[in-house]
């Protein structure tokens, strides 16, 4: 039985793939669970349209991320932290604080999971964080830790 997968399924295939499975597995599990549809002519046309729409959405999303990366070019964020006399801050700076600084100072909202701080930020000074906005769009943002 040929089916079109609607989601990634381990050991069967990826989303939008046309795969051959045993009749019972397709009819009794995949199709009732909403994980697949029968690969007839109408559903194949629907799949082509769906793939085309998703490609358009993906290209728009990549363009938006490229605009964000361009806005961040040359920007240095200022993050305030309480520090001792030796310049060491109490606690550390996390990607959540970077997300808040991006929102407040630049007006850009980014998910915290997309920000990677490679080194521990435990003292005052300048640092750089990587932003994995998309698999095709990476950027970096400079930030400075200042004493409050």
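In my numbering, the protein residues as written are 388 to 535. The C-beta atom is built at its ideal place from N, Cα and C for all residues, glycine as well.
For residue 434, the enclosing alpha helix (DSSP H) stretches over residues 428-459. Put simply, of 433, 404 and 455 the residue whose alpha carbon is nearest the alpha carbon of residue 495 is 455. Separation of residue 404 and residue 464 (C-alpha to C-alpha, rounded to the nearest whole angstrom) is 44 Å. In this chain, residue 518 is not harboured by any alpha helix (DSSP H); it is covered by the beta strand (DSSP E) spanning 512-519. Selection 442, 478 and 461 evaluated against residue 469 yields 478 as nearest (Cα-Cα).
Nearest to residue 401 by alpha-carbon distance, out of 411, 390, 515 and 410, is 390.
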